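Chains as they are written, first to last, in the numbering used here: chain B, 145 to 399; chain E, 2 to 498. Even for Gly, the Cβ is constructed at its ideal location relative to N, Cα and C. Just so it is clear, the structure is predicted and the values come from calculations on it, not from any experiment.
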Amino acid sequence: MNEQKLNEDILIVDNINTYIGQFHILEGVSLRVPKGSITVLLGRNGAGKTTTLKSILGLTPPQEGKVIFEGMEIQGKRAYNVANLGIGYVPEHRAIFRALSVMENLKLAERKKGDFDRSADFIFELFPDLKRLYKLPGNHLSGGQQQMLAVARALVPKNKLLLIDEPSEGLAPILIQQMMEAIRVLSETTTILMVEQNFIMASQLAHKFTIIDDGKSVEEGLMADLVNDTEMIHQYLGASIKTQKELEMEHGTQE
Amino acid sequence: MERKNKRLIIISSTVVIIAALIVGLYLYAGKEPFIRTTLSGLTLGSLFFMVAAGLSLIFGLMDVLNFAHGAMFMLGAYMGWQLYTNPTFIFGMLPAIVAFTCGVMTTPLMKPFLIRWEISEKWQKNLPKIAYVLAIVVLVVAFLNFDIMELAKTAMVAMTTTTVGNPLAEISPQESLSQFWYRPVLLIISGLLIAFASSKPGVKTEFAPKEGLLKKAIVPFVLFILTIVATLVRESAPIAILLMNGNLRFLIAIFVAVAFGFMFGALIEITLIRPLYIRPFFIVLMTLGLSFVIRELVQLLWDPLAYQMVRPPLFAQSGKAANLIEWLKNGHATINISGVTFPTYRLFVIFLGFLMFAIVTIIMTKSRLGMIIRAGVQDPQMVEALGINVKRVFTFVFAFGVGLAALGGIGAGPFLPIQPLMGDQFQMLGFITVVIGGMGSYVGAFIGALILGMGRAFGDYFALKLSLSPTIAEASTVIIMIIVLLIKPQGLFGKKE
């Protein structure tokens, strides 16, 4: 990642405000996602990270502010139109379709006929388990397998940007490693904006971060700068999150 | 593993109970009454299925309780019966409807240009309003002095007589073309104004690519041609239809009823239900109100009378056919099924019900559309996030459900009196079927419909045999529902939430 590459933003979110019912969930979120990067949204539970992703996609359309994707304003567009511009979405809680088989889940994600045939090899290389489970219904899959399917689904069509909501949520440590590896491979071809509560994972993967607190974006910067900024981490992310130094110490004792 | 075992136990015990029930009833009632009652049950079950399948899919996918489903069932019966006995009304109205639709369908053509139009925000808000008002004015002008009641009345003359007389003699002349021509023209203009307004001129956030305009022009173009054709054949088409072979005419009646139901459903979903998805409670009130409106309109057009539809020739010949082939050759009214005399038309209804179940099954399991529907029942937002236009799928499912109800209506036409309230009982039973089968499951709707149909038939049988009150047949429905809900509160095929 060089400086010049970071300057080219594929997605710009400018001061969006989103209401759900009567609740003012986002009260001014701004962020920039440089092309080719992994950007992570950080913040406490309920800060509005998931709503930010949904607002970008148009599932919870923002009432104010702008969302600019590849130079085009997309706020207010219907979610399916936004998705068809080349934005993939991996929802939280492994929202795969339980009544559909693994194959159907993947086929459903096709935008053009033959999308799946083109991407099948890549997907099965990334998640070999899915090939074995190809014909099983979604509700027979374990939590980790469901999460992989949810990610794989976003890879079927050619996407320019992936919105990933908590890929490590509820996964066993060994699966977290596999998921991280997969995301790293993905980031070679696609820009990624993700929400991640697991700070270790976030700090190892992401180039950029945006912190959302109480529905507002409060800090933005390079991940490398954040990991050592204990003060900021404790202020916005809570004491439960460990800094790089603390992590290193912990790892040290384990080894 | 444990879950699998538990499932196996449940399935096997269900099979044993059902088998025991069948054998018990067979031994108790004897062969002939058993077969006769079972066939009656299947007939009712088939009709229940056609009502319940739509209700179940519509509720499962979009959480809409359609209280106008019974009225749409009734409309299907009226439309089919009209075409079968005297199509003057249908062909008299056709040019107007097609012309208006033609205008509205130009929306995808206009939209890409109109949204790129540079106008101030004030005009963005007011232009559509002006266009809507103008459209309504033009619509009213187009129908001025157009005697719809007279069209409906001419249709009625022919059917109050149950015997097949000479309906041709009773077709009264319609407006001449020189008087009529401006109506379709005005209706096209009215439709164009609606299309203009719904394209949201000047609104930049709307999305409509300019590509593929030629493809989008096909539908309005075809409709335009159809408008001209329909205008020209207003008088000759009813005669041509009435001169046709009765069986073919009945087939066309079925097709017309289903097509009408489908388009009516699509229209209702787009105009009335779509704006209310965010207020689900209002949808219940709206559909309930709609059912009253439909009923009153039908009473206005055809008087609150009960009509008897003449059975098509294939089911009309007196006498009993010994087997299927003889029936199909001569068209007997009844048929011998291992010693039981059974009306052939009811056999046809059973066939229709099972055919529809097969078609729905194929659509749901084999097609991409079925995949989208099954996924949408669980999570419509995520389906949209994959890049699929869920609203369009909602419209299709609603239209499909109403089309099925209309098919049930015309299917019931030849053996139930056709009257404005004929759908109400089926709607009630449809809802109970859906509750028993599980919301959103078409298989559940099918099994539930068969169970309810059997309950009705055997209830009647026992009421007669043991001289119980005949209401036991109706009570059976509720008793079955209570038992099912006690064992499986989410319905037989319902998914746990």
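Burial state of residue i, where buried means 16 or more other Cβ atoms lie within 10 Å
i: K211(E); result: exposed
i: G213(E); result: exposed
i: A209(E); result: buried
i: M482(E); result: buried
i: L381(B); result: buried
i: Y85(E); result: buried
i: M429(E); result: exposed
i: E340(B); result: buried
i: D261(B); result: exposed
Chain B residues whose Cβ lies nearer than 8 Å to that of residue i
i: D380(E); result: A239 and F241
i: F1(E); result: Residue numbering for chain E in the displayed model covers 2 to 498; residue 1(E) lies beyond these limits and cannot be assessed.
i: F208(E); result: K221, R222 and N225
i: V391(E); result: Y224
Coarse secondary structure for residue i, derived from DSSP in three states
i: E269(B); result: helix
i: G262(E); result: helix
i: N159(B); result: strand
i: L277(E); result: helix
i: T162(E); result: Caution applies to T162(E), whose pLDDT of 45 falls short of 50 and renders its modelled position unreliable; the value that the coordinates give is listed next. Three-state result, T162(E): coil.
i: A317(E); result: coil
i: S204(B); result: The amino acid at residue 204(B) is misidentified as Ser; the sequence shows Thr. Three-state result, T204(B): coil.
i: L244(E); result: helix
i: K392(E); result: helix
i: I240(B); result: coil
i: S13(E); result: helix
i: D261(B); result: helix
i: L306(B); result: strand
i: F101(E); result: helix
i: P88(E); result: coil
i: P317(B); result: helix
i: P34(E); result: helix
i: G439(E); result: coil
Residue i at chain B interface by Cβ criterion, 8 Å
i: T162(E); result: Residue confidence is low: T162(E) scores 45 on pLDDT, short of 50, so the model does not pin down where it sits. No coordinate-derived value is stated.
i: E297(E); result: no
i: M372(E); result: yes
i: W447(E); result: Reading off the sequence shown, one finds Phe at residue 447(E), where the question assumed Trp. Judged by the 8 Å Cβ criterion, F447(E) is not in contact with chain B.
i: R280(E); result: no
i: R375(E); result: yes
Boundaries (first-last residue) of the beta strand (DSSP E) holding residue i
i: N324(E); result: Per DSSP, N324(E) belongs to no beta strand (DSSP E) and is neither H nor E.
i: V339(B); result: T335 to V339
i: P178(B); result: F167 to P178
i: N337(E); result: H333 to I338
i: L185(B); result: I182 to L186
i: G232(B); result: I231 to V234
i: F98(B); result: The structure shown does not extend to residue 98(B), since chain B is modelled only from 145 to 399, so the question has no answer here.
heavy atom of the ligand NAP below 7 Å from residue i C-beta
i: Y183(E); result: Ligands are entirely absent from the displayed structure, and the ligand NAP is therefore not among its contents.
CB contact below 8 Å: residue i versus chain E
i: K403(B); result: The first residue shown for chain B is 145 and the last is 399, placing residue 403(B) beyond what the model contains.
i: Y224(B); result: yes
i: K251(B); result: yes
i: L201(B); result: yes
i: N159(B); result: no
i: P293(B); result: Correcting the residue type first, residue 293(B) is Leu in the shown sequence and not Pro. By this cut-off, L293(B) is not an interface position.
i: I156(B); result: no
i: R262(B); result: no
i: R188(B); result: no
i: R255(B); result: yes
i: Q398(B); result: Residue placement at Q398(B) is poorly supported in this model, since its pLDDT is 42, which falls under 50; the coordinates still yield a value, given next. With 8 Å as the cut-off, Q398(B) does not count as an interface residue toward chain E.
Partner residues on chain B for residue i, Cβ-Cβ distance less than 7 Å
i: M383(E); result: P235 and A239
Contacts that residue i makes with chain C (C-beta to C-beta distance below 7 Å)
i: E248(B); result: No chain C is part of this structure, whose protein chains are labelled B and E.
Amino acids of chain E, ordered along the chain, whose beta-carbon sits closer than 7 Å to that of residue i
i: A227(B); result: A386, L387 and G388
Extent of the continuous alpha helix (DSSP H) run through residue i
i: V362(B); result: Unbroken run through V362(B) is the beta strand (DSSP E), K360 to L366; no alpha helix (DSSP H).
i: V361(E); result: T345 to K367
i: T478(E); result: I473 to I488
i: G454(E); result: Y443 to K466
i: W124(E); result: E122 to F144
i: S177(E); result: From DSSP, S177(E) is part of no alpha helix (DSSP H); its letter is neither H nor E.
i: V226(B); result: A223 to N228
Contact list for residue i against chain E, beta-carbon separation under 9 Å
i: L244(B); result: M372, R375, A376 and Q379
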